[in-house]
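Here the structure is laid out as structure tokens; the discussion comes afterwards.
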Amino acid sequence: MNIIRTSVEGQIGIVTMARPEKRNSLSAEMVAAMSDAIAAMGADDSVRVVVLRGEGPAFCAGADLAYLRQISDNSVLDNLADSTALMRMMQSIVELPKPVIAMVHGPAIAGGCGLATVCDLVVAGREGAQFGYSEVRIGFIPAIVMVYLLRKIGDTQARRLILTAENVSATEAHRLGLISHVVDDADLETATMDLARTVAKNSASALKLSKDMLTALHGMSLDAGLRYATSMNALARQTDDCRQGIERFLQQSQSRG
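All the letters of the sequence shown, read from the start, carry residue numbers 1 to 257 under full-length UniProt numbering.
If you want it as structure tokens, here you go:
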């Protein structure tokens, strides 16, 4: 049985974590399969946007118990290799040249919350979704995703979530800036796919360049950021999408004029 399933609906690629009996908990096999699925979505030119979802009652409830047992028995080198694989999987989502939308309908805890954090947009069910970094309860730390979490919600709220290990509702996660959209559970799939279709209508090259910039600008000084933005502005103007988009806009303006 595939622990990650992929499908394509129009211009939307769908990646489904398919271990409902384990609440889609992460294992070494799940991490590897997720990396492969994200790479496949990146290579599929028909896909403009990716939706990440979980099958069953949870989005992703953290690490699989057998995986945790293995981690505790691993050597330093084994754990370094395992951590590197996890880092590369999360980085592949961040660096995918297509927006990734997480659809969260239940618990997104520990590594599951990390997965949601590295997605570009997160749509969560108001009643059922929960978010939390529970790692410190068992002597672990959310080390890799901490890099992204700090950028996303800032130092104060990152400290709150990590040091308390508390779970927060979708409404509170939205207030913190951890997620982008909150909808009624009954509307979650429709709202997520509508959002994906809205994003997919936009220029593929502009989506890629915008995502690249949003990632790269973190940590740059004002001067460095402006120099980088100026070069990216010039680059965007040279793309076929931009030229064709301007031409369509001018033609529409003339027809209305």
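C-beta: ideal position from N, C-alpha, C; glycine also.
Note that this is a predicted model, so its numbers are computed, not measured.
C-alpha distance - residue i paired with residue j, whole-angstrom precision
i	j	result
Ala129	Ala170	6 Å
Asp212	Ile14	22 Å
Ser25	Leu68	11 Å
Ala39	Leu96	8 Å
Leu149	Ala158	6 Å
Ser203	Gln238	13 Å
Ala63	Gln70	11 Å
Glu172	Ala229	33 Å
Phe249	Met232	21 Å
Ile109	Ser255	53 Å
Ala61	Gly225	37 Å
Asp184	Thr192	11 Å
Met220	Ser205	23 Å
Asp241	Gln251	15 Å
Asp82	Asp155	27 Å
Thr215	Ser27	27 Å
Asn74	Pro57	31 Å
His174	Leu222	28 Å
Gly245	Ala43	24 Å
Same chain, Cβ closer than 7 Å to residue i, neighbours up to 5 away in sequence not counted
i	result
Ile3	Ala18, Arg19, Glu29, Met30, Ala33
Leu86	Val31, Ile144
Limits of the unbroken beta strand (DSSP E) element including residue i
i	result
Arg88	No beta strand (DSSP E) holds Arg88; the alpha helix (DSSP H) holding it covers 76-95.
Leu121	121-125
Met220	Premise fails: Met220 is in no beta strand (DSSP E) and is neither H nor E.
Gly245	From DSSP, Gly245 is part of no beta strand (DSSP E) but of the alpha helix (DSSP H) over 240-256.
Ala102	100-104
Ser169	167-169
Of the listed residues the options, nearest to residue i (C-alpha basis)
i	options	result
Thr84	Val49, Val50, Ala143	Ala143
Leu163	Phe140, Val47, Asp185, Arg175	Phe140
Gly106	Val94, Arg126, Lys98, Arg88	Arg126
Ser7	Val147, Met41, Cys242	Met41
Pro99	Val47, Arg5, Met87	Val47
Glu21	Leu86, Gly54, Asp185	Gly54
Gln11	Asp45, Met89, Gln252	Asp45
Gly90	Leu115, His174, Asp73	In the sequence on display, residue 90 carries Met and not Gly. It is Leu115.
Leu176	Thr198, Gly245, Arg151	Arg151
Arg88	Val118, Leu65, Leu207, Leu214	Val118
Glu9	Arg197, Pro57, Glu247	Arg197
Leu207	Val94, Arg227, Leu65	Val94
Alpha helix (DSSP H) segment containing residue i, residue limits
i	result
Gln11	Note, Gln11: premise wrong, no alpha helix (DSSP H); not H, not E.
Ala186	It is not in any alpha helix (DSSP H) - Ala186 carries neither H nor E in the DSSP assignment.
Val147	143-153
Val136	Element bounds for Val136: n/a, residue is neither H nor E.
Ser27	First-last for Ser27: undefined, no H or E at that position.
Gly114	111-118
Ser46	Segment: none, Ser46 is in no alpha helix (DSSP H) and carries neither H nor E.
residue 266	With the chain represented from 1 up to 257, any question about residue 266 goes unanswered, as that position is not in the structure.
Closer than 8 Å to chain D by CB, residue i
i	result
Arg137	In summary, chain D is missing from the structure at hand, where a single protein chain is found.
Other residues of its chain near residue i: CB distance less than 8 Å, five sequence neighbours each side excluded
i	result
Leu195	Ile101, Leu121, Val123, His181
Asn79	Ile71
Ala37	Ile4, Thr6, Val15
C-beta atoms of residue i and residue j nearer than 8 Å
i	j	result
Phe59	Gly112	yes
Ala76	Ala200	Note on identity: in this sequence residue 76 is Val, with Ala being the wrong assignment. No, they are not a contact pair.
Leu178	Ile153	yes
Ser35	Ser92	yes
Leu235	Leu209	yes
Met103	Val51	yes
Thr16	Arg5	yes
Beta-carbon contacts of residue i that lie in its chain and below 6 Å, excluding the five residues immediately before and after
i	result
Thr190	none
Val136	Ala165
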